[in-house]
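Below is one structure, written out as C-alpha coordinates; comments come after it.
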Amino acid sequence: MKKTAILLGMVFFMFGCSSLKSNSGEMKKEESISSLYSKEYTLENSDITINFEKDRLYGFSGVNRYMGNYTVDKDNIKIENLGSTMMLGESQKMEEETKYLKDLSEVNKFIIEGNKLILTDGKVTLKFQNLAER
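Residue numbers for the sequence shown follow full-length UniProt numbering, so the first one is 1 and each next one is one higher.
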(Lines of atoms letter the chains of each structure in order from A and count residues from 1; the text may use other names and numbers.)
(Lines give C-alpha, C1' and ligand atoms only; values in the text may rest on other atoms or scores of the structure.)
Protein backbone atom coordinates (compact mmCIF):
# COMPACT_ATOMS: atom_id res chain seq x y z
CA MET A 1 0.00 0.00 0.00
CA LYS A 2 2.80 2.38 0.90
CA LYS A 3 4.56 1.68 -2.44
CA THR A 4 1.35 2.42 -4.34
CA ALA A 5 0.95 5.77 -2.57
CA ILE A 6 4.55 6.72 -3.38
CA LEU A 7 4.10 5.68 -7.02
CA LEU A 8 0.90 7.72 -7.35
CA GLY A 9 2.64 10.72 -5.77
CA MET A 10 5.47 10.48 -8.31
CA VAL A 11 3.00 10.24 -11.24
CA PHE A 12 1.11 13.35 -10.06
CA PHE A 13 4.41 15.21 -9.62
CA MET A 14 5.53 14.33 -13.17
CA PHE A 15 2.24 15.44 -14.73
CA GLY A 16 2.31 18.64 -12.69
CA CYS A 17 5.79 19.51 -13.98
CA SER A 18 4.88 18.83 -17.61
CA SER A 19 1.95 21.28 -17.49
CA LEU A 20 4.27 23.95 -16.11
CA LYS A 21 6.56 23.51 -19.10
CA SER A 22 3.78 24.12 -21.64
CA ASN A 23 2.64 27.26 -19.82
CA SER A 24 6.16 28.67 -19.83
CA GLY A 25 6.36 28.09 -23.61
CA GLU A 26 3.20 30.12 -24.12
CA MET A 27 4.65 32.91 -21.96
CA LYS A 28 7.82 32.91 -24.04
CA LYS A 29 5.84 33.42 -27.29
CA GLU A 30 3.99 36.37 -25.76
CA GLU A 31 7.33 37.86 -24.74
CA SER A 32 8.62 37.42 -28.29
CA ILE A 33 5.80 39.44 -29.89
CA SER A 34 6.30 42.18 -27.32
CA SER A 35 10.00 42.19 -28.20
CA LEU A 36 8.96 43.86 -31.48
CA TYR A 37 7.47 46.90 -29.72
CA SER A 38 9.08 50.27 -30.51
CA LYS A 39 11.42 48.80 -33.13
CA GLU A 40 11.38 49.54 -36.83
CA TYR A 41 11.79 46.65 -39.26
CA THR A 42 12.62 47.20 -42.95
CA LEU A 43 11.43 44.91 -45.75
CA GLU A 44 14.38 43.26 -47.53
CA ASN A 45 15.60 45.24 -50.57
CA SER A 46 13.07 48.01 -49.96
CA ASP A 47 12.34 51.20 -48.05
CA ILE A 48 9.07 49.72 -46.72
CA THR A 49 8.93 49.57 -42.92
CA ILE A 50 6.77 48.04 -40.21
CA ASN A 51 6.51 48.95 -36.50
CA PHE A 52 4.54 47.19 -33.76
CA GLU A 53 2.93 48.47 -30.59
CA LYS A 54 0.44 46.61 -28.43
CA ASP A 55 -2.39 45.53 -30.79
CA ARG A 56 -1.39 48.16 -33.43
CA LEU A 57 1.03 48.26 -36.32
CA TYR A 58 2.14 51.06 -38.60
CA GLY A 59 4.84 51.91 -41.09
CA PHE A 60 5.85 53.34 -44.45
CA SER A 61 4.61 51.42 -47.50
CA GLY A 62 6.73 53.04 -50.22
CA VAL A 63 4.67 56.17 -50.86
CA ASN A 64 2.23 56.43 -47.95
CA ARG A 65 2.11 55.78 -44.23
CA TYR A 66 -0.13 52.89 -43.16
CA MET A 67 -1.64 51.65 -39.92
CA GLY A 68 -3.77 48.77 -38.70
CA ASN A 69 -4.57 46.33 -35.92
CA TYR A 70 -3.25 42.86 -35.23
CA THR A 71 -3.93 39.96 -32.90
CA VAL A 72 -1.58 37.11 -32.02
CA ASP A 73 -2.25 33.54 -30.93
CA LYS A 74 0.96 31.54 -30.46
CA ASP A 75 2.77 31.92 -33.83
CA ASN A 76 -0.38 33.01 -35.69
CA ILE A 77 -0.98 36.65 -36.52
CA LYS A 78 -4.10 38.30 -37.92
CA ILE A 79 -3.72 41.76 -39.44
CA GLU A 80 -6.91 43.77 -39.87
CA ASN A 81 -8.29 47.23 -40.54
CA LEU A 82 -5.36 48.41 -42.65
CA GLY A 83 -5.59 52.01 -43.76
CA SER A 84 -3.18 54.49 -45.27
CA THR A 85 -2.67 58.08 -46.24
CA MET A 86 -3.70 58.89 -49.83
CA MET A 87 -0.67 60.52 -51.46
CA LEU A 88 0.26 59.82 -55.07
CA GLY A 89 3.68 58.69 -56.20
CA GLU A 90 5.50 57.08 -59.10
CA SER A 91 3.38 54.34 -60.69
CA GLN A 92 5.95 51.61 -59.95
CA LYS A 93 6.09 52.63 -56.26
CA MET A 94 2.28 52.73 -56.12
CA GLU A 95 2.09 49.19 -57.56
CA GLU A 96 4.68 47.93 -55.05
CA GLU A 97 2.76 49.59 -52.23
CA THR A 98 -0.56 48.06 -53.31
CA LYS A 99 1.00 44.58 -53.53
CA TYR A 100 2.70 44.97 -50.13
CA LEU A 101 -0.50 46.05 -48.36
CA LYS A 102 -2.43 43.18 -49.99
CA ASP A 103 0.25 40.67 -48.96
CA LEU A 104 0.42 42.13 -45.44
CA SER A 105 -3.34 41.71 -44.99
CA GLU A 106 -3.09 38.02 -45.99
CA VAL A 107 -0.22 36.81 -43.79
CA ASN A 108 -1.16 34.54 -40.90
CA LYS A 109 2.12 33.38 -39.32
CA PHE A 110 5.09 35.20 -37.84
CA ILE A 111 8.62 34.06 -37.05
CA ILE A 112 11.21 36.06 -35.11
CA GLU A 113 14.82 35.01 -35.71
CA GLY A 114 17.25 37.36 -33.97
CA ASN A 115 16.88 40.72 -35.71
CA LYS A 116 14.71 39.28 -38.49
CA LEU A 117 10.91 39.18 -38.68
CA ILE A 118 9.19 36.90 -41.18
CA LEU A 119 5.49 37.21 -41.97
CA THR A 120 3.98 34.51 -44.20
CA ASP A 121 0.84 32.72 -45.31
CA GLY A 122 2.68 29.81 -46.92
CA LYS A 123 2.59 31.38 -50.40
CA VAL A 124 3.70 34.94 -49.71
CA THR A 125 6.67 35.65 -47.44
CA LEU A 126 7.60 39.13 -46.22
CA LYS A 127 11.10 39.24 -44.69
CA PHE A 128 12.00 42.21 -42.52
CA GLN A 129 15.16 43.15 -40.67
CA ASN A 130 15.72 45.45 -37.72
CA LEU A 131 18.65 47.50 -38.99
CA ALA A 132 19.38 48.95 -35.54
CA GLU A 133 20.20 45.45 -34.20
CA ARG A 134 22.91 44.25 -36.59
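By construction, the Cβ of each residue, glycine as well, lies at the ideal position given by its N, Cα and C atoms. As the structure is a computational prediction, the values presented were derived from the model and not from experiment.
Going straight from the alpha carbon of ILE111 to that of VAL63, what length do you get?
-> Residue numbering aside, residue 111 sits at position 111 when the sequence shown is read from its first letter. Residue numbering aside, residue 63 sits at position 63 when the sequence shown is read from its first letter. The alpha-carbon atoms of ILE111 and VAL63 are separated by roughly 26 angstroms.
Beta-carbon proximity of GLU44 to PHE128, cut-off 9 angstroms | Translated into the one-based positions of the sequence shown, residue 44 becomes position 44. Translated into the one-based positions of the sequence shown, residue 128 becomes position 128. Yes, the pair counts as a contact, with Cβ atoms nearer than the cut-off.
Between which two residues does the beta strand (DSSP E) carrying LEU117 extend?
-> Here residue 117 corresponds to residue number 117 of the sequence shown, with the count starting at 1. That run of the beta strand (DSSP E) goes 116–120.
What are the uninterrupted segments assigned as beta strand (DSSP E) that are 3 or more residues long and contained completely in the UniProt domain "DUF306" (44–128), given in chain order?
-> 49–53, 56–60, 65–73, 76–84, 109–113, 116–120
Report buried or exposed for THR42, applying the criterion of at least 16 other Cβ atoms within 10 angstroms of its Cβ.
-> Walking along the sequence shown from the start, residue 42 turns up at place 42. THR42 should be labelled buried.
From GLY59 to THR85, what does the alpha carbon distance come to, in whole angstroms?
-> Within the sequence shown, the letter at position 59 stands for residue 59. Within the sequence shown, the letter at position 85 stands for residue 85. Taking the straight line from one Cα to the other gives about 11 angstroms.
How many angstroms separate the CA atom of SER34 from the CA atom of SER105?
-> Here residue 34 corresponds to residue number 34 of the sequence shown, with the count starting at 1. Here residue 105 corresponds to residue number 105 of the sequence shown, with the count starting at 1. When rounded, the distance between both Cα atoms is 20 angstroms.
Pairwise C-alpha distance: ASP55 and SER91 | Working through the sequence shown from its first residue, we reach residue 91 at position 91. Working through the sequence shown from its first residue, we reach residue 55 at position 55. Cα to Cα, SER91 sits roughly 32 angstroms from ASP55.
Thinking just about the alpha-carbon of each residue, which of ASN108, LEU117, TYR66 is nearest to the one in GLU97?
-> As a working mapping, residue 97 is identified with position 97 in the sequence shown. Ranking the options by Cα distance to GLU97, first place goes to TYR66.
Rounded C-alpha distance that separates LYS93 from LYS74 | Along the sequence shown, read from residue 1 onward, the residue named residue 93 stands at position 93. Along the sequence shown, read from residue 1 onward, the residue named residue 74 stands at position 74. One C-alpha to the other measures close to 34 angstroms.
Taking C-beta to C-beta, are GLU113 and LYS39 nearer than 9 angstroms?
-> The residue labelled residue 113 in the question sits at position 113 within the sequence shown. The residue labelled residue 39 in the question sits at position 39 within the sequence shown. In this structure, LYS39 does not lie closer than 9 angstroms to GLU113 by Cβ.
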